[in-house]
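Just below is one structure, and these are the notes that go with it.
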Amino acid sequence: MPPAPEDPPAELPARPDLSDPTAKAVAPVGDRRAGGSAEVPPGPPASGAGGGGGTGALLDAILQTKSELFRGSREVLRDSYVPARLPHREEEIRKVVEILGPALRGDLPSNLLIYGKIGTGKTAVVAQVRHDIERRVGASSRLGFLTINCANLDTSYSLLQTIGNTFAASDGDRIPTGWSLDRVQAAMVRILDARKATTILVLDEIDRLVARSGDNVLYTLSQLNTELENSRLSLVGISNDLKFTNQLDARVRSRLNEEKIVFQPYNASELQDILRDRAREAFNGDVVDPGVVERCAAYAALENGDARRALALLRLSAEMAERDHAKRITPDHVVKAKNRLEQDIVVECCRTLPPHCKVLLYAILQLYERRRNGVLTGEVYDSYRRLAERLGLQPLHARSISNYVSELETLGLIRATIVSRGRGGRTREILVDVPISETIPALEEDALLAPVARPRNRGQLLLTNFDNPNRTGPV
Ligand SMILES: Nc1ncnc2c1ncn2[C@@H]1O[C@H](COP(=O)(O)OP(=O)(O)OP(=O)(O)O)[C@@H](O)[C@H]1O
Ligand SMILES: [Mg+2]
9 MPPAPEDPPA ELPARPDLSD PTAKAVAPVG DRRAGGSAEV PPGPPASGAG GGGGTGALLD
69 AILQTKSELF RGSREVLRDS YVPARLPHRE EEIRKVVEIL GPALRGDLPS NLLIYGKIGT
129 GKTAVVAQVR HDIERRVGAS SRLGFLTINC ANLDTSYSLL QTIGNTFAAS DGDRIPTGWS
189 LDRVQAAMVR ILDARKATTI LVLDEIDRLV ARSGDNVLYT LSQLNTELEN SRLSLVGISN
249 DLKFTNQLDA RVRSRLNEEK IVFQPYNASE LQDILRDRAR EAFNGDVVDP GVVERCAAYA
309 ALENGDARRA LALLRLSAEM AERDHAKRIT PDHVVKAKNR LEQDIVVECC RTLPPHCKVL
369 LYAILQLYER RRNGVLTGEV YDSYRRLAER LGLQPLHARS ISNYVSELET LGLIRATIVS
429 RGRGGRTREI LVDVPISETI PALEEDALLA PVARPRNRGQ LLLTNFDNPN RTGPV
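Once you know that position 162 of the sequence shown is 170 in this note's numbering, the rest is easy, because the numbers rise by one and skip nothing.
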């Protein structure tokens, strides 16, 4: 029986942002990948040619349909695409160029920290400046960039190893896994020094690195120039946590903070300009109705001025229009897209909960589904306990579960209100704030909950799946 933690972990995952979590790599600036106007939605393979009856025929139809809305690749609306122009970031680009540009004439740029909320263009701006500098220096230059997204790294060990292996001159120089941290570090310094070049190391989402493995590695990197004889290193850190430097040792903080730029969130009219540029690139002639861009921008402006969300809304609006076989994207498609996006965020949020919290939410949703009315914490706890036992988990104490109820409330998935039960007794009544018909199946798909999942109607499963062709498995 797997051991159960007695207390919930200190932190629950924040509500995920809208980005496609797998689309973190940044495509070259202005990389307008041609072709493919009819994308095949990812999903389970069709069983044979035209197999699976309706499934095969439907997939064939999708393959043969040329999109009338998109004029080229729909990648243009994806997060990984960096457009040639970044409206309303001219000032930020100028500052980054002023700081990093001197590297072109052989000077060592100051270390730089870039802060700003999610979707404010930090990664895109740095990618664009990098591209412009690289275009001028050519491949054999003594100046090079390395961009690492720290969200994809588990430890500082893997950061040092990645740096070393990126610049290893031959396979024999590569740093294998298994060496001690000191040895990896020494090898990395040797490899970097052998380059006889200046490297601008961009650590995107640097706060994640510090949260996972502390600031020792940043201390090491920020004083590397004292160890390097023939090469030099400059650091650019990007973070959407404005307070992350508070966790740093004072010396590391002052070394990294030689220069600092803060990106402000976009307002609705700035987001409109960004979307119009992108719509021109993505869509055929005049398929976007008046009001579409404005609505996408307004929704995203309310959500912290996040350009990623604005673009996701526009992309999804187009997909909604395609599903309706419409020739134009209308403001109604934006409303549908917004609802879909909110559901997707909720489902994603549920998927990333810690195990006991997932079981608890599942218990709440099942009770609520039956009752369609508020459920009391006592019955929720009983139901949670029964489910946990059926799953072979040691149920957590009521106090821990009560903490989880509060956490689920903080995430906006449920609402809990105190109700009086006579004779001075008080309890909490829980109301559900998520779409049950989406969230229960999403939780049941989870390996943890699969053993207690109720069998579902196959027809329903297929229908739901086609409703969202972006999803890879049954919904
Ligand atoms: N000024 C802009 N013009 C055009 N597109 C933009 C602009 N700003 C951001 N974008 C687009 O919005 C999306 C999010 O931008 P980016 O990834 O640079 O945000 P970020 O600040 O790095 O966010 P996070 O903190 O979540 O990593 C990307 O697809 C990017 O191309
Ligand atoms: Mg970023």
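Just so it is clear, CB atoms sit at the ideal spot from N, CA and C, and this is done for glycine as well. A quick note: this is a predicted structure, and the numbers were derived from the prediction, not measured.
Where does residue i land, buried or exposed, given buried means 16+ other C-beta within 10 angstroms?
i, result
"R102", "exposed"
"N254", "exposed"
"H341", "buried"
"G313", "buried"
"I484", "This structure leaves residue 484 out entirely; the chain is present only between 9 and 483."
"Q193", "buried"
"G129", "buried"
"R288", "exposed"
"S428", "exposed"
Go through its chain and collect everything with a Cβ distance to residue i's Cβ below 8 angstroms, but skip five positions before and after it.
i, result
"L112", "I141, R144, V145 and L151"
"I448", "Y370, L373, Q374 and E377"
"Q231", "R263"
"L368", "V388, Y392, I409, Y412, V413 and L416"
"A450", "V355, C358, R359 and V483"
"V260", "D223, L226, Y227 and S230"
Is there at least one non-hydrogen atom of ligand 2 closer than 6 angstroms to the beta-carbon of residue i?
i, result
"T155", "no"
"K130", "yes"
Going along the chain, which residues of its own chain have a beta-carbon closer than 6 angstroms to the beta-carbon of residue i, five neighbours each way excluded?
i, result
"P463", "none"
"L404", "H364"
"R393", "P403"
"E452", "A461"
"L168", "V192, Q193 and M196"
"R138", "F153"
Between residue i and ligand 1, is there a pair consisting of the residue's CB and a ligand heavy atom that are separated by less than 6 angstroms?
i, result
"D87", "yes"
"P91", "yes"
"V94", "One point to set straight first is that residue 94 is Leu, not Val, in the sequence displayed. Indeed, a heavy atom of ligand 1 lies less than 6 angstroms from the Cβ."
"I269", "no"
"N312", "no"
"I353", "no"
"R97", "yes"
"E248", "For clarity, residue 248 is Asn in the given sequence; the question names Glu instead. Checking the Cβ of N248 against ligand 1 gives yes."
"I126", "yes"
"I282", "yes"
Output needed for residue i: all residues of its chain with C-beta closer than 7 angstroms, excluding positions within five of it in sequence on either side, in chain order.
i, result
"D281", "P95 and H96"
"K346", "Y307 and L321"
"A195", "G172 and I183"
"L2", "In the structure as shown, the chain starts at 9 and stops at 483, and residue 2 therefore has no counterpart that could be examined."
"R240", "L116, T206 and N233"
"D285", "P91, R93 and P95"
"R203", "F175 and S239"
"D294", "none"
Taking 6 angstroms as the cut-off, is the C-beta of residue i nearer than that to any heavy atom in ligand 3?
i, result
"A315", "Absence of ligand 3 from the depicted structure is noted, with ligand 1 and ligand 2 being the only ligands included."
Quick one: which unbroken beta strand (DSSP E) runs of 3-plus residues sit fully inside the region 69-100? Chain order, please.
none
Could you name each continuous beta strand (DSSP E) segment of 3 residues or more that falls completely within the region 266-315, going from the start of the chain to the end?
267-271
Contact the region 188-198 vs the region 211-220: 3+ CB pairs below 8 angstroms:
no
Which ranges does the beta strand (DSSP E) cover as unbroken runs of at least 3 residues, wholly within the region 89-177, from first to last along the chain?
120-124 and 151-157
For the pair the region 233-252 and the region 114-124, tell me if three or more CB-CB distances fall below 8 angstroms.
yes
Contact between the region 130-140 and the region 273-280 (3+ Cβ pairs under 8 angstroms)
no
Tell me, please, whether the region 328-343 touches the region 378-398 by the rule of three or more beta-carbon pairs shorter than 8 angstroms.
no
Runs of alpha helix (DSSP H) lying entirely within the region 380-426, each at least 4 residues, in chain order:
385-398 and 406-418
Are the region 152-165 and the region 290-309 touching by the rule of at least three beta carbon pairs closer than 8 angstroms?
Because the criterion of three Cβ pairs below 8 angstroms is not met, the region 152-165 and the region 290-309 do not touch.
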